[in-house]
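Only one structure is covered here, and it is reproduced in the block below.
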Amino acid sequence: MAKEKGRKLIAQNKKARHDYLVIDTYEAGLVLTGTEVKSLRQGRASLVDGFVQLDGNEAWLHNVHVPEYSQGTWTNHSARRKRKLLLHRAEIDKLESKSGETGHTIVPLALYFKDGRAKVEIALAKGKKEYDKRQALREKQDRRETDRAIAAVKRRQRGA
Numbered sequence: 028m029a030k031e032k033g034r035k036l037i038a039q040n041k042k043a044r045h046d047y048l049v050i051d052t053y054e055a056g057l058v059l060t061g062t063e064v065k066s067l068r069q070g071r072a073s074l075v076d077g078f079v080q081l082d083g084n085e086a087w088l089h090n091v092h093v094p095e096y097s098q099g100t101w102t103n104h105s106a107r108r109k110r111k112l113l114l115h116r117a118e119i120d121k122l123e124s125k126s127g128e129t130g131h132t133i134v135p136l137a138l139y140f141k142d143g144r145a146k147v148e149i150a151l152a153k154g155k156k157e158y159d160k161r162q163a164l165r166e167k168q169d170r171r172e173t174d175r176a177i178a179a180v181k182r183r184q185r186g187a
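To get the working numbering, take the position in the sequence shown, counting from 1, and add 27.
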């Protein structure tokens, strides 16, 4: 069997980019059981309540929902168990020092397969205030309106 190439997205946490200001991103491997991998290959997972906690010299992914594998037997995994993240020592030290600052947290952004291996994209993030979220939505809406106006002008020029 040929080895898969490229990146196959399983789950994405769009709410994280809305609720947090992403400062830095990291790619981490995951320690999974066999039934978890099979469940992920079916494209079933949820990162909504997920977060990363640093315990001593290890990083752990909490509250990520990977449903039980439908054909699994007694060897099936629990859906919300904590999973170990595989990061370099320097990355863990950097995350530990930065996440200690007030308002900083580590959240998962995406879960995907890269060259056949399960990976998670985590981000060092700072929580946004309510007015920051409103301002970001306003900017996005303004950008969309200007793009529409420019497109309308271009259409009129082509038609004339």
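Here a beta-carbon is modelled for each residue, glycine too, at the ideal position from N, C-alpha and C. Only a predicted model underlies this, so the values are computations on that prediction, with no experimental measurement involved.
- Between the stretch 135-146 and the stretch 35-42 there are three or more inter-stretch CB-CB distances shorter than 8 Å, so the stretches are counted as touching.
- Excluding the 5 residues flanking it on each side, Asp76 has same chain C-beta neighbours closer than 6 Å at Asn90, in chain order.
- Comparing alpha-carbon positions, the option among Ala86, Leu122, Asp159, Gly186 lying closest to Leu151 turns out to be Leu122.
- Below 8 Å, too few C-beta pairs join the stretch 66-82 and the stretch 162-181 to call them touching: fewer than three.
- Cβ-Cβ distances below 7 Å link Leu48 to Ala152, Lys153, Lys155 in the same chain, with the five nearest sequence neighbours on each side left out; the list follows chain order.
- Taking each of Thr129, Ser126, Val147 in turn and checking the Cα distance to Arg110, the smallest one comes out for Val147.
- Assigned with DSSP and collapsed to three states, Ala163 falls in helix.
- Between Leu113 and Leu57, the C-beta spacing is below 8 Å.
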